[in-house]
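In the numbering used here, the protein residues as written are 3 to 109. No residue lacks a Cβ here, since even glycine has one placed at the ideal position from N, Cα and C. In this text the structure is predicted, and so the values were computed from the model without any measurement. Okay, so here's the structure we're looking at.
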Amino acid sequence: MALSVKELTSLTGILEDSELGQRSFENVAASFHHCFNKQDHFRVGSALVFLLQQEDLLANKEQRLVSVYLLYEMYRTEPIQSNPFASVFVHLLASVSRKYFFATLNL
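Okay, structure coming up:
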């Protein structure tokens, strides 16, 4: 269930766009949907999760933010509980909550 070389090239092309920080989410989503159809979403999402887990593979915050957005975008028309990557959002939100909680305690 891994991505083909062509699919991986398309995905990295989207994520490594030098203008990524200036593009709207809608524009990035249009590029994504041009390259990938609905049947590809789970495999592409799994690749995005892998990239997010390896901090050195997504070098900047724009790439990480767009990756999380694409995990949402692929399943945006379905209830959140139907998104197979919902646990990623929970993990990210819990991490942010813990970080701010401890910051308020001055730890």
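- The alpha-carbon of F38 is positioned some 11 Å away from that of K8.
- As the crow flies, the alpha-carbon of S33 is around 15 Å from that of Y74.
- Scanning V92, L53, A61 and V70 for the CA closest to the CA of L5 turns up L53.
- Look at the beta carbons and you see the stretch 57-65 not touching the stretch 83-98: under three pairs across the two are nearer than 8 Å.
- In this model, V51 and Q24 are separated by some 23 Å (Cα to Cα).
- E64 places its beta carbon 8 Å or farther from that of L94.
- In the three-state reduction of the DSSP assignment, S84 falls in the helix class, which pools H, G and I.
- No Cβ-Cβ contact shorter than 8 Å links S69 with L10.
- Counting other Cβ atoms within 10 Å of its Cβ, H43 reaches 16 or more and is therefore classed as buried.
- Collapsing the DSSP output to three states places S12 in a helix.
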